[in-house]
Amino acid sequence: MYDDARDMYELEYPAPDMGSKSGDRPTLVVALNGYADAGMAVEAAADHLVSALDHRPVATFDSDELIDYRSRRPAVTIANNQPVEIDDTDIDMKILRDNQGKPFLLLSGPEPDLRWNGFTEAVADLVEKLDVEQTICLYAAPMTVPHTRPMTISGHGNSQQLIDRLVSWDQKLMVPGSAALYLERALHKRGRNVAGYTAHVPHYLASSPYPLATYNLLRSVASVSKLDFPLGSLEYDIQRISHQLEEQVAQADEVQSLVAGLEEQFDEGLERYREQNPQAILPGEQNMPTGDEIGASFEQFLDSLDNPDAGDSDKD
Numbered sequence: 002m003y004d005d006a007r008d009m010y011e012l013e014y015p016a017p018d019m020g021s022k023s024g025d026r027p028t029l030v031v032a033l034n035g036y037a038d039a040g041m042a043v044e045a046a047a048d049h050l051v052s053a054l055d056h057r058p059v060a061t062f063d064s065d066e067l068i069d070y071r072s073r074r075p076a077v078t079i080a081n082n083q084p085v086e087i088d089d090t091d092i093d094m095k096i097l098r099d100n101q102g103k104p105f106l107l108l109s110g111p112e113p114d115l116r117w118n119g120f121t122e123a124v125a126d127l128v129e130k131l132d133v134e135q136t137i138c139l140y141a142a143p144m145t146v147p148h149t150r151p152m153t154i155s156g157h158g159n160s161q162q163l164i165d166r167l168v169s170w171d172q173k174l175m176v177p178g179s180a181a182l183y184l185e186r187a188l189h190k191r192g193r194n195v196a197g198y199t200a201h202v203p204h205y206l207a208s209s210p211y212p213l214a215t216y217n218l219l220r221s222v223a224s225v226s227k228l229d230f231p232l233g234s235l236e237y238d239i240q241r242i243s244h245q246l247e248e249q250v251a252q253a254d255e256v257q258s259l260v261a262g263l264e265e266q267f268d269e270g271l272e273r274y275r276e277q278n279p280q281a282i283l284p285g286e287q288n289m290p291t292g293d294e295i296g297a298s299f300e301q302f303l304d305s306l307d308n309p310d311a312g313d314s315d316k317d
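For this note's numbering, add 1 to where a residue sits in the sequence shown, where the first one is 1.
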């Protein structure tokens, strides 16, 4: 048992460079795989970022204090009569750099089974120590939605800027708890900007990898944090899974009926949401430019008319 939440993790020494050319404070992305990970979207998001981007460890948590190995037994590979590989159960925070070299933080690994309060206080301490600007927690939930409609990413949080371009629910909801939700509450109490993004995964696809959910979660994070993620391989996976789904649906009349019913339900729900939230950005519209972005582009265009030689001088 730890006397202090800070004893729960070990900081990397020497500490990796947290500097940014622009001087921006880093964004923390929380991608703990566990209960709320339909389509394995959250785990895949963390794996994709780590495999695609340069990264360095910042802090490593004591998994022996946080994981119940009997309820979540790691897979062990035995070769030539010897156990040679055991599934990774590390929970850690890394610093990564996007395609433009901008740093951000990633907290990933299995969701802790134990000591959620101590774990979240320890992470909240790191958020303050590293002067994190905003924390975004990723979730994926099985929903009664069809795969033939634009994916919904819903958002909640204490910063309107973080959820402004997402579907949100202006009502009281009761959902199963998670360590990430505990972290959201802890950061909110400390006055830190925090939000949760949830991918709505078709319930009939929740037990299989669903790269479209991973892609949309990362696109949502990139949009609000001005990060540039490499997503090309995910786009390829999305096309591959889409073709497989089309073939499977075409071969099963009952699946076609299910999808048709879900489409009708989705369209009716979307129309009600549009009537109640006329200014909201709906699924499929998240990537449209905002008014500020359009205004900035227009100002840049006008400036180019006033200085027609500016573009040529940049090429010299």
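Heads up, the beta-carbon is just placed ideally off N, CA and C, and yes, glycines get one too.
Is the closest heavy atom of the ligand MN to the C-beta of residue i under 6 Å?
i, result
"Ile137", "Among the components modelled here there is no ligand, and therefore nothing to report on the ligand MN."
Using 8 Å for Cβ pairs, my map puts residue i next to residue j. What's the rounded Cβ distance?
i, j, result
"Ile87", "Phe62", "17 Å between Cβ atoms; not a contact."
"Val43", "Ala142", "Contact doesn't hold; Cβ gap of about 10 Å is too wide."
"Met144", "Val202", "7 Å"
"Ser155", "Leu163", "Not quite, the Cβ-Cβ distance comes to about 12 Å (not below 8 Å), so this is no contact."
"Leu50", "Phe230", "7 Å"
"Val133", "Met94", "Wrong, their Cβ atoms sit about 10 Å apart, outside the cutoff."
"Glu66", "Met9", "7 Å"
"Leu184", "Ala251", "That pair is no contact at about 43 Å."
"Ala207", "Glu112", "The pair is not a contact, with the Cβ atoms about 17 Å apart (cut-off 8 Å)."
"Thr215", "Ile137", "Rounded, the Cβ-Cβ distance is 14 Å, inconsistent with contact."
"Glu129", "Arg186", "That pair is no contact at about 15 Å."
"Ala46", "Ala32", "5 Å"
"Thr90", "Ser64", "5 Å"
"Val256", "Thr149", "Not a contact, Cβ separation roughly 11 Å."
Where do the N-terminal and C-terminal ends of the beta strand (DSSP E) with residue i fall, by residue?
i, result
"Gln135", "Gln135 to Met144"
"Leu108", "Pro104 to Pro111"
"Glu11", "Tyr10 to Leu12"
"Pro58", "His56 to Phe62"
"Asp88", "No beta strand (DSSP E) holds Asp88; DSSP gives it neither H nor E."
Along the alpha helix (DSSP H) that carries residue i, what are the first and last residues, could you check?
i, result
"Ser208", "That residue, Ser208, is in no alpha helix (DSSP H); it is neither H nor E in DSSP."
"Phe267", "Asp254 to Gln277"
"Tyr216", "Pro212 to Ser226"
"Phe120", "Trp117 to Lys130"
"Arg241", "Gly233 to Ala251"
"Ile68", "No alpha helix (DSSP H) contains Ile68, which DSSP labels as neither H nor E."
"Leu50", "Ala42 to Ala53"
"Tyr161", "According to the sequence as given, residue 161 is Gln; it is not Tyr. It spans Gln161 to Ile164 - the alpha helix (DSSP H) in which Gln161 sits, taken as one unbroken run."
What are the partner residues of residue i, as DSSP defines its beta bridges?
i, result
"Asn194", "Gln135"
"Gln83", "Ala80"
"Asn34", "Pro111"
"Arg149", "It is Thr, not Arg, that sits at residue 149 in the sequence shown. Thr149 pairs with nothing; no bridge assigned."
"Thr199", "Tyr140 and Ser155"
"Arg98", "Pro104"
"Val176", "Beta-bridge pairing links Val176 to no other residue."
"Leu29", "Leu106 and Thr136"
Which term fits residue i, buried or exposed, when burial requires 16 or more other beta carbons within 10 angstroms of its beta carbon?
i, result
"Ser209", "exposed"
"Thr78", "exposed"
"Glu272", "exposed"
"Arg193", "buried"
"Gly262", "exposed"
"Ser314", "Bear in mind that the predicted position of Ser314 carries a pLDDT of just 47, short of 50, making it too unreliable to give a figure here."
"Pro15", "exposed"
"Asp317", "Reliability fails at Asp317, whose pLDDT of 47 lies under 50, so the model's placement of it is uncertain and no value is given."
"Gln240", "exposed"
"Glu11", "exposed"
"Ser226", "buried"
"Glu248", "exposed"
"Asn278", "exposed"
"Val328", "Residue coverage of the chain in this structure runs from 2 to 317, which leaves residue 328 outside it and unanswerable."
"Pro177", "exposed"
"Pro80", "Per the sequence presented here, residue 80 reads as Ala, with Pro not at that position. Looking at its Cβ environment, which holds fewer than 16 other Cβ atoms inside 10 Å, Ala80 is exposed."
"Trp170", "exposed"
"Ala76", "exposed"
"Glu236", "exposed"
"Leu127", "buried"
I'd like to know whether the C-beta atoms of residue i and residue j end up nearer to each other than 7 Å.
i, j, result
"Leu139", "Leu218", "yes"
"Asp18", "Leu228", "no"
"Leu107", "Leu97", "yes"
"Gly197", "His157", "yes"
"Tyr211", "Gly40", "yes"
"His189", "Val195", "yes"
"Glu265", "Pro147", "no"
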